[in-house]
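Structure, as structure tokens:
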Amino acid sequence: MRNTKQNSLIFNIINNSYSHLDAYSIYELCKKEIPNISLGTVYRNLASLVNNHKIIRIKIDGIYRYDKNIRHSHFICHKCGCIIDIFDDGFKDIKTIDGNIVDDYEIKYKGICKKCMKGERK
Ligand SMILES: [Zn+2]
Ligand SMILES: [Zn+2]
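Quick note on my numbering: the sequence shown kicks off at 402 and runs consecutively.
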């Protein structure tokens, strides 16, 4: 049975977050609103939101994380592991590459983040 309250709660958590939450962190946040929610329910709602293209699922360092369905790329810091949203328009006009038709792309930038550069994170 479909529970729209749970579904929209999970959707809102992801859309109001910049931290690229994994399923368990989403579950922890859900419990604040719906104390009796189960981890299975969270997983089921996440799967249906992904299937309906309401949110996207990304895999970083072997962990699935959930994110807003807005075209953007990610910068991942080698040092602290933070994931930063990058809104780069540079690739959006690519229609073909090497004769293949492009309808989507996924770019991961990797390096050292600004905070690590400044020594703010250890
Ligand atoms: Zn860093
Ligand atoms: Zn993101």
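The beta carbon of each residue, even a glycine, is placed where N, CA and C say it ideally should be.
Everything numeric in this text was worked out from a predicted model, so none of it was measured.
From N470 to P436, what does the alpha carbon distance come to, in whole angstroms? Counting from one through the sequence shown, the residue named residue 470 turns up at place 69. Counting from one through the sequence shown, the residue named residue 436 turns up at place 35. Taking the straight line from one Cα to the other gives about 27 angstroms.
Could you tell me if C431 is buried or exposed, where buried requires 16 or more neighbouring beta carbons within 10 angstroms of its beta carbon? One-based indexing of the sequence shown puts residue 431 at position 30. Buried is the call here.
Check each candidate in L440, S409, H421 and K480 and name the one with the smallest Cα separation from C514. By one-based count along the sequence shown, residue 514 stands at place 113. Among L440, S409, H421 and K480, the Cα nearest to that of C514 is on K480.
For N446, name the three-state secondary structure that DSSP assigns. Position 45 of the sequence shown, counting from 1, holds the residue named residue 446. In the structure shown, N446 sits in a helix (DSSP, three-state: H, G or I).
Where do the ends of the beta strand (DSSP E) carrying C478 lie? Start at 1 with the first residue of the sequence shown, and residue 478 comes out as number 77. Membership of C478 in the beta strand (DSSP E) is indicated by the continuous run S474 to C478.
Output yes or no for whether 8 angstroms exceeds the beta carbon distance between I461 and I477. Within the sequence shown, residue 461 is the residue found at index 60, counting from 1. Within the sequence shown, residue 477 is the residue found at index 76, counting from 1. Less than 8 angstroms separates the beta-carbon of I461 from that of I477.
Should H475 be listed as close to ligand 2, given that the test is whether its C-beta is under 7 angstroms from any heavy atom? Counted from its first residue, the sequence shown places residue 475 at position 74. The answer is yes for H475.
Whether N453 touches Q407 by CB criterion (8 angstroms): Walking along the sequence shown from the start, residue 453 turns up at place 52. Walking along the sequence shown from the start, residue 407 turns up at place 6. Cβ atoms of N453 and Q407: not closer than 8 angstroms.
Identify every residue that forms a DSSP beta bridge with I513. One-based indexing of the sequence shown puts residue 513 at position 112. Note: I513 sits in no beta bridge, so no partner.
Integer Cβ distance of K516 from H475, believed to fall under 8 angstroms: Counting from 1 along the sequence shown, the entry for residue 516 is found at position 115. Counting from 1 along the sequence shown, the entry for residue 475 is found at position 74. H475 and K516 do not touch by the CB rule: their CB atoms are close to 16 angstroms apart, not below 8 angstroms.
Express the C-alpha separation of N501 and M402 in angstroms, rounding to a whole number. Here residue 402 refers to the residue found at position 1 when the sequence shown is read from its first residue. Here residue 501 refers to the residue found at position 100 when the sequence shown is read from its first residue. At M402, the pLDDT of 46 sits below 50, so the modelled position is not reliable and the matter cannot be decided from this model.
In or out: Y506 buried (at least 16 other Cβ within 10 Å) or exposed? Against the sequence shown, residue 506 aligns to sequence position 105. Residue environment for Y506: exposed (fewer than 16 other C-beta atoms within 10 angstroms of its C-beta).
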